[in-house]
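Residue numbers (this note's numbering): 578 to 955.
So, in structure tokens, the structure goes:
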């Protein structure tokens, strides 16, 4: 029992209360981090606003939707710049301490390098957990609202968006092939085709029509200019009948066709699990949804990885901390995103097992940090 509690006793002894050295280093780092975070976020907000400014002129809907779109996109922007801000801040602060020989003075006084940067490492681990929670509870809901606002202002500019055309999809009892959907009128136009399949895989009947209207209450579909063809157990034609209008009780509603594939990046962990089941039912590939489940936890780990690398890189800085920090931040973050994006693509396409593809990049960079630490004489 005492062995399990040893880390807690060590933490209490070393950090409660917070020592002067820890306050000096950590507060310097934290102020730099907040300033960098605000600066980078502001740059993305300006870029985002200029990108959607065309809708302020061309959209026929209320211009408030443009501002709401930018506002709801803000959490996603913060999520994107946290890792670069962390990397730059820790590299810059530790680099300054190294250039000014303050780091050497601390270690000469008997404080190990790992002990010096421990508060920052703890902050990196905390940011991993915080950004995971932030992504699930704030970023994803905000992205959904941002997409809604974007759809409104885009449609107000007479742009086609959320447009479904010629969709083949599996239902609970059969397969559908529909043309295009008029959501305002709850109608499938241009063609609606359905074939019902028995549990053992045999067709029972097919129906095709020029137009199909969904009635929410009671749940039903009205097909116009329909032709129904029925088969027996031996797949022999039993009847062929035409109807000017006929009502069917297909189990699916209009939303089943209008939004057959949701964007995994706009779903939280629990919604992703539901989406997998939904795609299995519809016969739609779902490997990318499983990849996104891993991404929900693997990507925020970048916060801890860059803090570790930044601290080690800053310790060996010999010249201007600002220039070195900026260059290292750009190089590490860019390489991290490239490797992670490549591994994600390979995992989605089956070239790599999903768990390897999604956790490979954090493992590689963490291993690189450990290797760098072992090679450093600190």
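Glycine included, every Cβ here is placed at the ideal spot set by N, Cα and C. Please read all numbers here as calculations on a predicted model, not as lab measurements.
Beta-carbon contacts of residue i that lie in its chain and below 8 Å, excluding the five residues immediately before and after
i           : result
residue 841 : 849, 852, 865, 866, 868, 869
residue 763 : 790, 791, 792, 793, 831
residue 551 : In the structure as shown, the chain begins at 578 and stops at 955. Residue 551 is therefore absent and cannot be evaluated.
residue 678 : none
residue 774 : 750, 751, 752, 780, 781
Proximity winner among the options, relative to residue i (alpha-carbon distances)
i           : options            : result
residue 810 : 780, 822, 833      : 780
residue 917 : 931, 935, 727      : 935
residue 668 : 654, 698, 644      : 698
residue 760 : 611, 833, 819, 748 : 833
residue 891 : 843, 681, 926, 632 : 681
residue 875 : 914, 748, 887, 927 : 914
residue 858 : 807, 885, 746, 756 : 746
residue 889 : 598, 628, 610, 692 : 692
residue 631 : 939, 643, 620      : 643
residue 942 : 885, 648, 952, 650 : 885
residue 950 : 690, 706, 715, 704 : 690
7 Å Cβ shell around residue i - same chain, five flanking residues per side excluded
i           : result
residue 660 : 879, 880, 883, 910
residue 937 : 920
residue 772 : 751, 752, 780, 783
residue 605 : 670
residue 743 : 756
residue 713 : 845, 846, 873
Presumed contact (8 Å Cβ cut-off) between residue i and residue j, rounded CB distance
i           : j           : result
residue 727 : residue 796 : With 8 Å as the limit, residue 727 and residue 796 do not qualify as a contact, their Cβ atoms being about 31 Å apart.
residue 828 : residue 749 : 5 Å
Contacts around residue i, its chain only, beta-carbon distance under 6 Å, and the 5 residues preceding and following it disregarded
i           : result
residue 893 : none
residue 789 : 765, 769, 798, 800
residue 824 : 797, 799
residue 674 : 680
residue 716 : 652, 653, 656
residue 803 : 784, 786, 820, 823
Beta-carbon proximity check, residue i vs residue j, cutoff 8 Å
i           : j           : result
residue 656 : residue 610 : no
residue 719 : residue 785 : no
residue 877 : residue 705 : yes
Exercise for the section: Would you list, in sequence order, the uninterrupted alpha helix (DSSP H) runs of no fewer than 4 residues that lie entirely inside the region 874-923? Expected result: With a minimum length of 4 residues, the continuous alpha helix (DSSP H) runs that stay inside the region 874-923 are 879-892.
Handout entry: Every unbroken alpha helix (DSSP H) inside the region 687-741 [4 residues or more]
Key = 690-711, 717-732
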